[in-house]
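Written out below as structure tokens is the structure these notes cover.
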Amino acid sequence: MQSLTQTVALQGKVALVTGAGTSIGRELAREFTRHGAKVVCVGRRRQGLDETVRLIEAEGGVALAIQADVTDRTQVEQMVQQSLAQFGQIDLLFNNAGSFRSVAPVWEVDPETWWQDVTTNLYGSLLCCRAVLQHMRARNTGVIINMDGGGGAHGPNIAGSGYGCSKAALLRLSEGLARELEIDGSAVLVFCINPGFVR
6 MQSLTQTVAL QGKVALVTGA GTSIGRELAR EFTRHGAKVV CVGRRRQGLD ETVRLIEAEG
66 GVALAIQADV TDRTQVEQMV QQSLAQFGQI DLLFNNAGSF RSVAPVWEVD PETWWQDVTT
126 NLYGSLLCCR AVLQHMRARN TGVIINMDGG GGAHGPNIAG SGYGCSKAAL LRLSEGLARE
186 LEIDGSAVLV FCINPGFVR
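At position 13 of the sequence shown (counting the first as 1) the number is 18 in the working numbering, and the numbers step up by one without a gap.
If you want it as structure tokens, here you go:
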């Protein structure tokens with residue numbers, strides 16, 4: 006399989022990374038800029054996003070912080086429009102924003118917390134995919150990467166069923182979307198990755 010940098014030459018491209026205010030999302034955003042991309046850093050907490058942008062700019066990169074909740078359709082659509090207004094294009098979407106708050110066997114979980122994991126991980130990714138695809142399909146180019154995180158791809162997630170179910174569904178969504186785009190004759194690519202445990 007080709008590496009990401011082989012599949013997409015990042016120099017001069019625009020990457021949109023959700024959950025970019027901390028940890029994996031922050032490092033993804035920084036790495037994309039190190040390869041020449043401009044990055045839109047999206048997340049719910051402004052302080053973390055501003056810190057990510059500060060780190061990127063300190064290394065000579067270009068980044069934009071947009072505070073948005075990926076589970077809110079209006080905010081997601083506005084996020085995409087703001088990104089396009091700033092940079093004119095979106096070449097790569099990395100759906101990294103995630104939630105793993107429900108940790109208990111099913112008979113002990115709080116149903117609302119369980120559903121929030123599913124909503125963030127699955128519905129949030131769907132909204133972001135749908136919003137950027139209007140632009141990517143019109144240009145007939147782009148890459149979407151969905152973060153599995155190992156939650157459901159390799160079997161049951163004990164005491165983390167909300168996360169596991171959402172990630173198993175995200176894998177199926179990614180496969181279905183990739184096939185839909187292929188049938189449509191689109192050159193837009195869709196991947197779902199599982200990096201395993203990350204410090």
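Note that CB positions come from ideal geometry on N, CA and C, so glycine has one too.
Q) Under three-state DSSP, which class holds Asn-151? A) Counting from one through the sequence shown, the residue named residue 151 turns up at place 146. In this structure, Asn-151 counts as strand in the three-state DSSP scheme.
Q | Three-state secondary structure assigned by DSSP to Gly-181 | A | Position 176 of the sequence shown holds residue 181. Of the three classes helix, strand and coil, the one that applies to Gly-181 here is helix, per DSSP.
Q. Apart from the five residues just before and just after Ile-198, which ones in its own chain have a Cβ nearer than 7 Å to its Cβ?
A. Position 193 of the sequence shown, counted from the start, is the residue given in the question as residue 198. Ile-150, Met-152, Asp-153, listed in sequence order.
Q. Where Gln-86 and Asp-96 are concerned, what is the direct C-alpha to C-alpha distance, given to the nearest angstrom?
A. Within the sequence shown, the letter at position 81 stands for residue 86. Within the sequence shown, the letter at position 91 stands for residue 96. Going from the Cα of Gln-86 to the Cα of Asp-96 covers about 14 Å.
Q) Do the CB positions of Ala-164 and Ala-109 come within less than 9 Å of each other? A) On the sequence shown, position 159 is the one that residue 164 refers to. On the sequence shown, position 104 is the one that residue 109 refers to. Yes, they are a contact pair.
Q. Along the chain, which unbroken stretches of the alpha helix (DSSP H) at least 4 residues long are found entirely within the stretch 28-93?
A. 28-39, 51-63, 78-92
Q) Which full runs of the alpha helix (DSSP H) of 4+ residues lie inside the stretch 113-153, going along the chain? A) 116-123, 129-144
Q.
Whether or not the stretch 53-70 and the stretch 114-129 are in contact is what I'm after, with contact meaning three or more pairs of Cβ atoms, one per stretch, closer than 8 Å; do they touch?
A. no
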